[in-house]
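One structure is given here, and the rest of the page talks about it.
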Amino acid sequence: MAKLPKNSRPPGRSSLRSPQLPALGEDAVSLRHEVNPAIALNLLGEIHQKVADAQQELRGLVHKIQQIYAEGPVVNGWLESTQSNPVAPPADANSALFRHADVDDLMAYIQSLDPAQAAEVPSATPQYRLCMIDQMGQVQSRPCPPEQVPAVSIAIARHQKLHQVITRKQHLEQQLKALVSALTEINNQLGA
């Protein structure tokens, strides 16, 4: 009888045997394409921190707005000078004469001035008006006495500061609104 090789079996048994396939090693299963839940948790943690920071900043901005209003009046406008040129002596025919005039001639001319004419000479004190834009987009103005100019200037500066704080607050609120919308959509997709 012929000898069979060691690994071979008699012909009758080979049909029952499973085929020999290569063994699967550990590197045969790739983890590169699997979803890693830790990445999602890390992203959620970062989003949580950013939302917490934005919430804290919003609280601070609301506090700043309250402080600005507590400081005093807030005016949305600007100041304009109603006197465009400094006071200049009236130009008349005698002005050239007085450049080289005798002191006695000059004094006689001053005494001859009518007090009513002297009142018409504009004062050297600048005059101001407060200008604002109304609801219709038209510029409105009203006189602002010189003694009120410092207080009105501070009120205008408060408005500019308030505008900056409100603009930042609105920007943060828009970002949070967009984030809530995106997270709501993702949550709805996960629930389906």
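If you count by our numbering, then the sequence shown holds residues 5 to 196, one letter each, in order.
Every residue gets a Cβ at the ideal spot worked out from N, C-alpha and C, and that includes glycine.
Once DSSP output is grouped into helix, strand and coil, what is the label at Leu-70?
Note on identity: in this sequence residue 70 is Gln, with Leu being the wrong assignment. In this structure, Gln-70 counts as helix in the three-state DSSP scheme.
Own chain partners of Lys-181 with C-beta closer than 7 Å, once the 5 adjacent residues on each side are dropped
none
Run through the DSSP bridge pairs and tell me what Ser-145 is partnered with.
Cys-135
For Glu-84, which beta-bridge partners are listed by DSSP?
Arg-133
Tell me the residue span of the alpha helix (DSSP H) that contains Pro-154.
153 to 195
Assign Thr-188 to buried or exposed, taking buried as 16 or more other Cβ atoms, counted over all protein chains shown, within 10 Å of its Cβ.
exposed
Do you know how far the Cα of Val-156 is from the Cα of Arg-146?
12 Å
Between Arg-172, Gly-81, Gln-179, His-167, which lies nearest to Leu-134 when the distance is taken from Cα to Cα?
Of the listed residues, the one whose Cα sits closest to Leu-134 is Gly-81.
Quick check: the region 58 to 65 against the region 167 to 186, are at least 3 beta-carbon pairs closer than 8 Å?
yes
With C-beta atoms as the reference, is Gln-131 less than 8 Å away from Thr-86?
yes
Integer Cβ distance of Cys-148 from Leu-83, believed to fall under 8 Å:
Leu-83 and Cys-148 do touch by the CB rule: their CB atoms are close to 6 Å apart, below 8 Å.
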